Amino acid sequence: MTATQLIALSTGVFALAIVSSSCSSPKQGAASPPAPAARQLWGEMKPVVSVKELMRDMIDPASDYVFDAIGGVDNKRGSLETLPKTEADWDKVRTGAVIMAEGAYLLKVPRPFAPPGDENHSTGPDPEELSPAQITAKLEHDPVLWNAKIEALRNVGLQVLDIVKRKDAKELWDAADNLDQACEACHLEYWYPGEKAFLRKLDKRLDDLYGLKALHPDRTRTPGMEPPK
Ligand code: HEC
-1 MTATQLIALS TGVFALAIVS SSCSSPKQGA ASPPAPAARQ LWGEMKPVVS
49 VKELMRDMID PASDYVFDAI GGVDNKRGSL ETLPKTEADW DKVRTGAVIM
99 AEGAYLLKVP RPFAPPGDEN HSTGPDPEEL SPAQITAKLE HDPVLWNAKI
149 EALRNVGLQV LDIVKRKDAK ELWDAADNLD QACEACHLEY WYPGEKAFLR
199 KLDKRLDDLY GLKALHPDRT RTPGMEPPK
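Structure below.
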């Protein structure tokens, strides 16, 4: 085959790829799933630890890189804000963001929720937590919801990555708030749903008293739901 033939052939293949991808692209718009070819993995994925251990040893420490990067104290001399300043400070925030944005998808790999024999605080009267079997049943009943919670966490990871690129330290406050909400929203659904009713009541009460706007005066986006543009 000559070089010209090769180019012609590859151009043809390329054109075919465009045609087939535009034919198969679903009509629902930007949020639709990628084409089947893009969905394939390079290899198998096998879990090593339970969800509980993944939380303890990966997701939780990763989130601390973000939570610990900011802080503030108010005292007699005024208020003092901690924000990332040096390259090393920003490196840590980026590490946390990457682990969360990428690591969130490890929650899509089927794995036990807790190590064998660990039933969580799910026994006795008024148990605080669901058992691993109850969590599994909830997930199997509505896998779309589980995946939505994963995407919410990933989106905050993306938001933080974007902030790191722009080194916009002030925005980290908003991101940390979103992060907290992304963790809690999943935990309230799958880990300790008993608290949900309680928190809802509390929210309503605070709203009645002060209005939710007073609690989140400078919120700019729905927690963890919108990826940064
Ligand atoms: C997609 C759902 C989901 C998201 C998002 C999520 N978690 Fe979890 N997490 C769980 C579930 C489910 C458990 C309970 C597993 C069990 O004990 O059976 C858990 C448990 C934990 C635990 C307890 C670990 C232990 O050793 O007892 C910690 C800590 C934790 N999560 C931290 C976090 C933090 C921090 C975030 C956000 C940065 C987060 N999680 C986001 C689902 C989630």
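With the first letter of the sequence shown counted as 1, position 204 gets the number 202 in this note's numbering; the numbers rise by one all the way through.
All residues carry an ideal CB built from backbone N, CA and C; glycine is no exception.
Small disclaimer: the values here were computed from a predicted structure and weren't measured.
Within the stretch 54 to 92, note down every full alpha helix (DSSP H) run reaching 4 residues or more, in order along the chain. 58 to 65
Ignore the nearest five residues each way along the sequence and tell me which others in S77's own chain have a CB closer than 8 Å to its CB. Taking the first residue of the sequence shown as position 1, residue 77 is located at position 79. These residues qualify, in order along the chain: G70, V71.
For I97, which residues of its own chain have a beta-carbon under 7 Å away from its beta-carbon, when the five flanking residues on both sides are left out? Within the sequence shown, the letter at position 99 stands for residue 97. If we look at I97 and ignore the five residues flanking it on each side, its Cβ neighbours are M56, A60.
Checking 8 Å against the spacing of the C-beta atoms, do E126 and Y188 come in under that value? Within the sequence shown, residue 126 is the residue found at index 128, counting from 1. Within the sequence shown, residue 188 is the residue found at index 190, counting from 1. In this structure, Y188 does not lie closer than 8 Å to E126 by Cβ.
Among residues of its own chain, excluding the 5 on either side of E149, which ones have a beta-carbon nearer than 7 Å to its beta-carbon? Working through the sequence shown from its first residue, we reach residue 149 at position 151. So the list is empty, once near-sequence residues are dropped.
Beta-carbon proximity of A95 to V64, cut-off 8 Å: Here residue 95 refers to the residue found at position 97 of the sequence shown. Here residue 64 refers to the residue found at position 66 of the sequence shown. Contact annotation: A95 and V64 have beta-carbon atoms nearer than 8 Å.
Would you please verify whether the beta carbon of M43 is less than 8 Å from any beta carbon of chain D? This model lacks chain D altogether, as it is built from one protein chain only.
Give me the Cα-Cα distance between D166 and G41, rounded to the nearest whole angstrom. What you label residue 166 is simply residue 168 of the sequence shown in a count that begins at 1. What you label residue 41 is simply residue 43 of the sequence shown in a count that begins at 1. Answer to the nearest angstrom: the Cα atoms are 37 Å apart.
Are the stretch 172 to 184 and the stretch 150 to 158 touching, with three or more C-beta to C-beta distances below 8 Å? A contact exists between the stretch 172 to 184 and the stretch 150 to 158.
What do you reckon, is the C-beta of D58 under 7 Å from a heavy atom of ligand 1? Indexing the sequence shown from 1 puts residue 58 at position 60. Yes.
Three-state secondary structure (DSSP) of Q157: The sequence position of residue 157 within the sequence shown is 159, counting from 1. The answer is helix: DSSP assigns Q157 an H, G or I state.
Pick out whichever of P130, A131, D205, C184 has its Cα sitting closest to the Cα of K147. Counting from 1 along the sequence shown, the entry for residue 147 is found at position 149. Nearest option by C-alpha distance: C184.
Inter-stretch contact at 8 Å, needing at least 3 Cβ pairs: the stretch 41 to 55 / the stretch 99 to 108: yes
Beta-carbon spacing of P110, S48 below 8 Å: As a first step, residue 110 must be located in the sequence shown, where it is residue number 112. As a first step, residue 48 must be located in the sequence shown, where it is residue number 50. Yes, the pair counts as a contact, with Cβ atoms nearer than the cut-off.
Closer than 7 Å to a non-hydrogen atom of ligand 1 - does that hold for the CB of A135? Position 137 of the sequence shown, counting from 1, holds the residue named residue 135. Incorrect: A135 has no Cβ contact closer than 7 Å to ligand 1.
Once DSSP output is grouped into helix, strand and coil, what is the label at P141? The sequence position of residue 141 within the sequence shown is 143, counting from 1. DSSP places P141 in the helix class (H, G or I) of the three-state scheme.
Taking 7 Å as the cut-off, is the CB of Y103 close to at least one heavy atom of ligand 1? Position 105 of the sequence shown, counted from the first residue, corresponds to residue 103. No, since every heavy atom of ligand 1 falls outside the 7 Å radius drawn around the Cβ of Y103.
Of the residues K136, L81, D205, C181, which one's Cα is nearest the Cα of M53? In the sequence shown, the residue the question calls residue 53 occupies position 55. For the residues K136, L81, D205, C181, the minimum Cα distance to M53 belongs to C181.
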